[in-house]
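Beneath this line is the structure, given in structure tokens, with notes to follow.
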């Protein structure tokens, strides 16, 4: 299998730091198997149906997670007490992977937060399963479904339309 852009990005780090970043990447890949892997703003990012869930990257003295959400950091305030945080990032040791169980909880919270952000003002609606797979897509108007809706199984197969 050809290396992904994220794999190529991680290859540029020193072995110990690369190992820590690869461990983070492996947890995200396992938790969000349907996510698209991309380099966004110069950092590895996982997106679901075009929506950024989480990014991460390595720096000279630390690694960082970018949950793209201040709210998620606030939800885990107690769990993140031992980490240096900025408005948009969570720093962790350059050679130590971020705790896998906490990362999985952060990912689950991000999916919940993304789901809660719909419908958008323009009526766009999306809902995702906990594994990042799209569950439903359609439009809303005045809190009612309008037009064609598409539903998917947890594995990503489109369900037959019900008329």
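Residue numbers (UniProt numbering): 1 to 163. C-beta atoms are modelled at their ideal positions from N, C-alpha and C, and glycine is treated no differently. Here the structure is a predicted model, which means the values were calculated and not measured.
What is the rounded straight-line gap between the Cα of residue i and the Cα of residue j?
i           : j           : result
residue 161 : residue 41  : 38 Å
residue 14  : residue 111 : 32 Å
residue 18  : residue 122 : 42 Å
residue 107 : residue 142 : 30 Å
residue 155 : residue 136 : 13 Å
residue 98  : residue 116 : 26 Å
Taking 7 Å as the cut-off, decide whether the C-beta atoms of residue i and residue j are in contact.
i           : j          : result
residue 95  : residue 11 : no
residue 3   : residue 39 : no
residue 44  : residue 9  : yes
residue 114 : residue 27 : no
Please identify the residue among the options whose C-alpha is closest to the C-alpha of residue i.
i           : options            : result
residue 131 : 23, 152, 62 and 64 : 152
residue 88  : 78, 102, 77 and 68 : 68
residue 125 : 105, 9 and 147     : 147
Using the DSSP secondary-structure output, state which residues sit across from residue i in a beta bridge.
i           : result
residue 39  : 44
residue 161 : Paired residue(s): none; residue 161 is not in a bridge.
residue 65  : 56 and 90
residue 151 : 136
residue 126 : 137
residue 144 : 141
Once the 5 residues before and after residue i are set aside, which same chain residues still bring their CB inside 8 Å of it?
i          : result
residue 75 : 109
Does residue i come within less than 7 Å of chain C when only Cβ atoms are used?
i           : result
residue 153 : In the structure shown, chain C cannot be found, because there is only a single protein chain.
Between which residues of its own chain and residue i is the CB-CB distance below 7 Å, once the five residues before and five after are set aside?
i          : result
residue 80 : 73 and 90
Closer than 6 Å by C-beta to residue i: which residues in its own chain qualify, once you throw out the five before and the five after it? Chain order, please.
i           : result
residue 140 : 119, 123 and 125
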